[in-house]
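Chemist:
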Amino acid sequence: MSTKVQSDKEKHDKENEEVENHNRTLLEISPKFRLWLELDDKSLSEEDKALLGKGGALLLKKISETGSISEAIRDVPSKHGAHKKTGLSYRYAWGLLKKISNRLKKPIIKKFRGGRKGGGSELTHAGEELLRYYTRLENLIQATLADKELWEAISLKLIDKNRLEGEVVSVMRDPIAAKVKIELKVPTVIHSLITTEAVDDLNLKEGDTVKAIIKAPHLYLNVV
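As numbered in this note's numbering, residues 71 to 294 make up the sequence shown, in order.
#1: Take residue 242 and list the residues in its own chain whose beta-carbon comes closer than 7 Å to its own, dropping the five residues that flank it on each side.
#2: For my contact list, residue 124 and residue 109 are in at a C-beta cut-off of 8 Å; report their separation, rounded to the angstrom.
#3: Am I right that residue 126 and residue 144 are in contact with their C-beta atoms under 8 Å? What's the rounded C-beta distance?
#4: If you measure between the beta carbons of residue 281 and residue 235, is that distance less than 8 Å?
#5: If I measure Cβ to Cβ from residue 240 and keep anything under 7 Å in the same chain, skipping five residues before and after, which residues do I get?
#6: Indicate, with yes or no, if the ligand ADP has a heavy atom lying under 7 Å from the CB of residue 201.
#7: Taking only runs of the beta strand (DSSP E) that begin and end inside the segment 96–178, which ones reach a length of at least 3 residues, in chain order?
#8: Taking all protein chains shown into account, decide if residue 269 is buried (16 or more other Cβ within 10 angstroms of its Cβ) or exposed.
#9: Per DSSP, residue 205 forms a beta bridge with which residues?
#10: If we ignore side chains and look at the alpha-carbon of each, how far apart do residue 131 and residue 198 end up?
#11: Please report the residue range of the alpha helix (DSSP H) in which residue 267 lies.
#12: My guess is that residue 107 and residue 204 are in contact by the Cβ rule of under 8 Å, so how many angstroms apart are they, rounded?
#13: Distance, Cα to Cα, residue 117 vs residue 214?
#14: Would you mind sorting residue 216 into buried or exposed? The rule is 16 or more other CB atoms within 10 Å of its CB.
#15: Near residue 122, which residues of its chain fall below 7 Å by C-beta distance, leaving aside the five closest residues on each side in sequence?
#16: Quick check: residue 191 and residue 262, are their CB atoms within less than 8 Å of each other?
#17: Below 8 Å CB to CB, which residues in the same chain sit around residue 154 once its five sequence neighbours on both sides are set aside?
#18: Using the Cβ count rule (16 or more neighbours within 10 Å means buried), how would you classify residue 259?
#19: Answer with buried or exposed for residue 150, where buried requires no fewer than 16 other C-beta atoms within 10 angstroms of its C-beta.
#20: I think residue 278 touches residue 238, with their Cβ atoms under 8 Å apart; what is that distance to the nearest whole Å?
#21: Can you say whether residue 193 is buried or exposed, counting buried as having 16 or more other CB atoms within 10 angstroms of its CB?
#22: Helix, strand or coil: how does DSSP classify residue 279 here?
#23: Start and end of the beta strand (DSSP E) containing residue 252?
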């Protein structure tokens with residue numbers, strides 16, 4: 071083996087090792103998020119755009135469940151002071167509900183007195199819709215973050231399974247899509263239909279060595 075070939079091989083092996091180490095590091099990282107809703111009004115300041123966050127959503131949820139602001143605030147964490155404690159003050163909770171209603175320009179809470187229930191509070195239709203919208207978005211994001219295959223598809227995390235190494239035999243392109251023919255080292259030839267933009271981003275050409283990442287119903291490519 072010539073010195074140049076040996077040097078290229080060592081460089082290639084080192085790059086592969088760095089990629090694998092990077093991927094292993096990513097596997098040890100888990101994303102967390104805190105969702106809040108804002109008003110889409112450019113005339114407002116960033117502070118005034120804020121509509122509903124995790125604490126407000128939890129407060130609405132507890133009011134819906136208990137029918138009482140006084141009961142609901144016991145289970146909503148407060149971050150006021152040096153340490154996080156359980157339970158909001160009634161004044162703070164009512165001020166938050168009023169602020170959300172004012173910014174939404176619709177009441178989200180209605181109070182009732184006496185009667186069979188003995189008085190209490192409940193969400194208005196606008197309040198229920200706001201809570202439902204927040205909850206659906208939160209569940210969607212949680213489900214997305216839990217989908218490891220989706221992470222692989224957008225190259226946030228890559229794992230060793232479903233990876234096939236091969237050589238690009240041909241690249242057939244049109245303005246929108248490109249068909250890449252790959253000869254695997256098994257040997258097996260597979261075909262991948264990807265966007266022309268992806269071909270340009272990866273700088274694919276015949277003779278390149280790639281790893282095909284299989285995810286139904288698509289096949290993704292990474293240059294190695």
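By construction, the Cβ of each residue, glycine as well, lies at the ideal position given by its N, Cα and C atoms.
Modeler: With the structure as the only source:
#1: Once the five neighbours on either side are set aside, the close Cβ partners of residue 242 are 248, 249.
#2: Incorrect: roughly 17 Å between the Cβ atoms, too far for contact.
#3: Approximately 16 Å separates the beta-carbon atoms of residue 126 and residue 144; this is outside 8 Å, ruling out the contact.
#4: Contact flag set, yes.
#5: The beta carbon of residue 240 lies closer than 7 Å to those of 251, 276 in the same chain, with the five residues before and after it left out.
#6: Within the structure as shown, the ligand ADP is missing, as the structure has no ligands at all.
#7: Note on the segment 96–178: whole beta strand (DSSP E) runs with a minimum of 3 residues are 120–122, in chain order.
#8: Burial is judged here by how many other beta carbons sit within 10 angstroms of a residue's own beta carbon; residue 269 has at least 16 and is buried.
#9: Paired residues: none, contrary to the question.
#10: Each residue's alpha carbon lies about 9 Å from the other.
#11: It spans 266–272 - the alpha helix (DSSP H) in which residue 267 sits, taken as one unbroken run.
#12: The pair is a contact, with the Cβ atoms about 6 Å apart (cut-off 8 Å).
#13: The straight-line gap from Cα to Cα measures roughly 28 Å.
#14: Exposed is the call here.
#15: Listed in chain order, the non-local C-beta contacts of residue 122 below 7 Å within the same chain comprise 106, 107, 170, 200, 204, local neighbours out to five positions each way being set aside.
#16: No.
#17: Confidence is the limiting factor: at residue 154 the pLDDT is only 49, short of 50, which leaves the residue's position unreliable and the question unanswerable from this model.
#18: When all chains shown are included, residue 259 counts as exposed.
#19: Interpretation of residue 150 is limited by its pLDDT of 49, a score under 50 that renders its predicted location unreliable; no figure is taken from the coordinates.
#20: Sure, about 5 Å apart at Cβ, within 8 Å.
#21: With 16 or more other Cβ atoms from the protein chains shown falling within 10 Å of its own Cβ, residue 193 counts as buried.
#22: Looking at residue 279 - three-state DSSP - the assignment turns out to be strand.
#23: Note, residue 252: beta strand (DSSP E), 247–254.
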